[in-house]
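Report on one structure; see the data block that follows.
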Amino acid sequence: MEKLKYALFTGCTAKQSTPEQMMSTMAVADKLGIELIELTEASCCGASHLQDYDDFLSLVLNARNIAYAEKHGLTMVTICNTCQLNTAMTKHRLDNNEELKAKVNEKLAEVGLEYKGTSAVTHFLYAIIDDFGLDKLKEMVVTPLSQFNIAPFYGCHNIRPSELQNETHKSAENPYNPTSLDDLIIACGGETVDYEEKNKCCGFHVELQAPHTAAVLTGNAIAGAMDGNADWMVTPCPLCHLKLDTQTAHASEAIGRDVELPVLHMQQMVGLALGCTPAELGLNHHLAKVDFV
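Letter by letter, the sequence shown follows residues 3 to 295 in our numbering.
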């Protein structure tokens, strides 16, 4: 198998609020023999907030980031659901609207860049599933997670809208019945937990506008996993991770019951199965303690 190589768009969160996600991404890539070229010139995707304020600016910003991946001649891989949505949505719009693409390139020309549409955009979750392959991953597992019931939490932005799924992922999935994280858990030897909230919103993007609603969404997600007898939750999104790991006090108050579970980044779960140490994966950064024995 030819060595996989991607242009890594880290986004903001993995370099600041969740450094353990960056640590575990690089540790897993090393174990799998995947080369990640970090796009150090790239900037924030707009986090689905800039998009509401200035749509054109958000397009220019994300096209600029993709253009850096194009200069490397590589597929861009993301490690944040919201980064994936905004980057893939920009690509979708520009690739299907030559006039808009030309306007964006007028601005990019001011910094010596051009968006061509030659680089694909995918999340690290799907790079593992589609490009590396779950069967090969299973062969590399040295510490099966068979003693753990693991609740997948997909979040919103990696599985919606469905037209982006069909364009960017070989194994496009139904946002109402996603399977990618469940399949990854099984490949790592874990037991999946099915629960109603696994493909719903964590509340992150309404935190400022409607904090009570955000807390209810967070609380319901954790409670659903707990009621399914989960030992852990796992998510491919650092924004979901922040809500589920750090907002349990507000969430407990909002839904009237105590809720708390260890929440792992997807990369941490894979890393544990591949034999990485908890220290290599930054498990000490979590507020809800992760017991791995």
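All C-beta atoms, glycine included, are put in the ideal place defined by N, C-alpha and C.
Assuming glycine 230 contacts valine 261 under a Cβ cut-off of 8 angstroms, what Cβ separation, rounded to an integer in Å, is found between them? What you label residue 230 is simply residue 228 of the sequence shown in a count that begins at 1. What you label residue 261 is simply residue 259 of the sequence shown in a count that begins at 1. In fact, because the Cβ distance is near 13 angstroms, the residues do not count as touching under 8 angstroms.
Can you tell me the Cα-Cα spacing of aspartate 137 and histidine 171, whole angstroms? Numbered from its first residue, the sequence shown carries residue 137 at position 135. Numbered from its first residue, the sequence shown carries residue 171 at position 169. Using only the alpha carbons, I get a separation of about 18 angstroms.
Would you check if there are 3 or more beta carbon pairs closer than 8 angstroms linking the region 160 to 169 to the region 248 to 263? No: fewer than three Cβ pairs fall under 8 angstroms.
Give the straight-line distance between the Cα atoms of leucine 210 and glycine 226, rounded to the nearest whole angstrom. By one-based count along the sequence shown, residue 210 stands at place 208. By one-based count along the sequence shown, residue 226 stands at place 224. In a straight line, the C-alpha of leucine 210 is about 24 angstroms away from that of glycine 226.
In this structure, does DSSP put threonine 145 in helix, strand or coil? Here residue 145 refers to the residue found at position 143 when the sequence shown is read from its first residue. Coil at threonine 145, not helix or strand.
Less than 8 angstroms between the CB atoms is what I'm expecting for isoleucine 187 and valine 236, so what's the real figure, rounded? Here residue 187 refers to the residue found at position 185 of the sequence shown. Here residue 236 refers to the residue found at position 234 of the sequence shown. Yes, they are in contact, since the Cβ atoms of isoleucine 187 and valine 236 sit about 7 angstroms apart, within 8 angstroms.
Could you check where the alpha helix (DSSP H) with alanine 217 kicks off and where it finishes? Working through the sequence shown from its first residue, we reach residue 217 at position 215. From DSSP, the alpha helix (DSSP H) with alanine 217 extends over 213 to 229.
What number of angstroms, rounded off, separates the C-alpha of glutamine 53 from the C-alpha of histidine 159? Taking the first residue of the sequence shown as position 1, residue 53 is located at position 51. Taking the first residue of the sequence shown as position 1, residue 159 is located at position 157. Roughly 14 angstroms between the two C-alpha positions.
Just to confirm before moving on: does the CB-CB distance between histidine 207 and threonine 20 stay below 7 angstroms? Here residue 207 refers to the residue found at position 205 when the sequence shown is read from its first residue. Here residue 20 refers to the residue found at position 18 when the sequence shown is read from its first residue. In this structure, threonine 20 does not lie closer than 7 angstroms to histidine 207 by Cβ.
Give the secondary structure of phenylalanine 11 by DSSP, where H, G and I count as helix, E and B as strand, and everything else as coil. Walking along the sequence shown from the start, residue 11 turns up at place 9. Residue state, collapsed to three classes: strand.
With distance defined between alpha-carbon atoms, name the residue in Ala129, Asn201, Ser50 and Asn107 nearest to methionine 91. Numbered from its first residue, the sequence shown carries residue 91 at position 89. With distances taken between Cα atoms, methionine 91 lies closest to Ser50.
Taking the alpha-carbon positions, what's the leucine 110 to arginine 66 distance? Position 108 of the sequence shown, counted from the start, is the residue given in the question as residue 110. Position 64 of the sequence shown, counted from the start, is the residue given in the question as residue 66. Those two C-alpha atoms are separated by around 7 angstroms.
Quick test of your reading: valine 304 and phenylalanine 126, contact by CB under 8 angstroms. State the CB separation rounded to the nearest angstrom. The shown model of the chain, from 3 to 295, leaves out residue 304, and the question about it has no answer.
Glutamate 22 and leucine 283 look like a contact to me (Cβ under 8 angstroms); what is the Cβ gap, rounded to whole Å? By 1-based counting over the sequence shown, the position of residue 22 is 20. By 1-based counting over the sequence shown, the position of residue 283 is 281. Right, the Cβ-Cβ distance comes to about 7 angstroms (below 8 angstroms), so this counts as a contact.
So what does isoleucine 39 bridge to, in DSSP terms? For this step, residue 39 is matched to residue 37 along the sequence shown. BP columns for isoleucine 39 point to Ala9.
Within this structure, are the beta carbons of aspartate 247 and histidine 288 separated by less than 7 angstroms? As a first step, residue 247 must be located in the sequence shown, where it is residue number 245. As a first step, residue 288 must be located in the sequence shown, where it is residue number 286. Judged by their CB atoms, aspartate 247 and histidine 288 are nearer to each other than the 7 angstroms cut-off.
Residues bridged to isoleucine 152 (per DSSP): By one-based count along the sequence shown, residue 152 stands at place 150. Partner(s): Thr194 and Trp234.
In three-state terms, what does DSSP make of leucine 285? As a first step, residue 285 is located in the sequence shown; it is residue number 283 there, counting from the start. Reduced to three states, the DSSP call for leucine 285 is helix.
So, at 8 angstroms on beta carbons, what are the nonlocal neighbours of proline 280 in its own chain, with the 5 sequence-adjacent residues on each side left out? Taking the first residue of the sequence shown as position 1, residue 280 is located at position 278. Closer than 8 angstroms at Cβ, skipping near neighbours: Leu274, Asn286, Val292 and Phe294.
Buried or exposed for valine 113, going by 16 or more other Cβ atoms inside 10 Å? Here the question's residue 113 lines up with position 111 in the sequence shown. Exposed, because fewer than 16 other Cβ atoms sit within 10 Å of the Cβ of valine 113.
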